[in-house]
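**Student:** Mapped onto the UniProt record's numbering, the consecutive letters of the sequence shown carry residue numbers 1 to 100. Think of the CB as a built atom: it goes at the ideal place given N, C-alpha and C, for glycine as much as any other residue.
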Amino acid sequence: MAIKTEQVQGERWVIYIGEKFDFSLVTDFRQAYSELPASIKHIEVDLSNTQYMDSSALGMLLNMQKLLADKNLTYSITHCRAAVARILEISRFNKKFTIS
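(1) By Cβ distance below 6 Å, which residues in the same chain neighbour residue 64 in space, the five residues on each side in sequence not counted?
(2) Taking the beta carbon of residue 84 as the centre, do at least 16 other beta carbons fall within 10 Å, making it buried, or is it exposed?
(3) Quick one: residues in its chain with C-beta nearer than 8 Å to the C-beta of residue 101, no 5 flanking neighbours on either side, listed in chain order?
(4) Since residue 93 and residue 67 are thought to touch, with beta carbons under 8 Å apart, how far apart are those beta carbons, to the nearest angstrom?
(5) Could you give the first and the last residue of the continuous alpha helix (DSSP H) run that contains residue 87?
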């Protein structure tokens, strides 16, 4: 599984990222949040399976944040493993995203 999406409870869109979150997922990740059902109010990026992410993944998250903020949608990063959470913390993403 590279990227999978799911609509949950009508208003939430979950993007599940696979084991690696890197440059190879640029197009798939962008498509995962670009065209959303009208009822969606919150985007969740689930990193429970992600063991590796690189700087391009951080850039993809920032690009997503900009687009969703323009659409007045909320967003969060969830289910981070310790190593991934550390990368996000070092990069100060905890200041830009709700991370759990």
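**Tutor:** To lay it out plainly:
(1) 33
(2) buried
(3) Lying outside 1 to 100, the shown extent of the chain, residue 101 is not represented and no answer is given.
(4) That belief does not hold up - the Cβ atoms of residue 93 and residue 67 are roughly 16 Å apart, past 8 Å.
(5) 82–90
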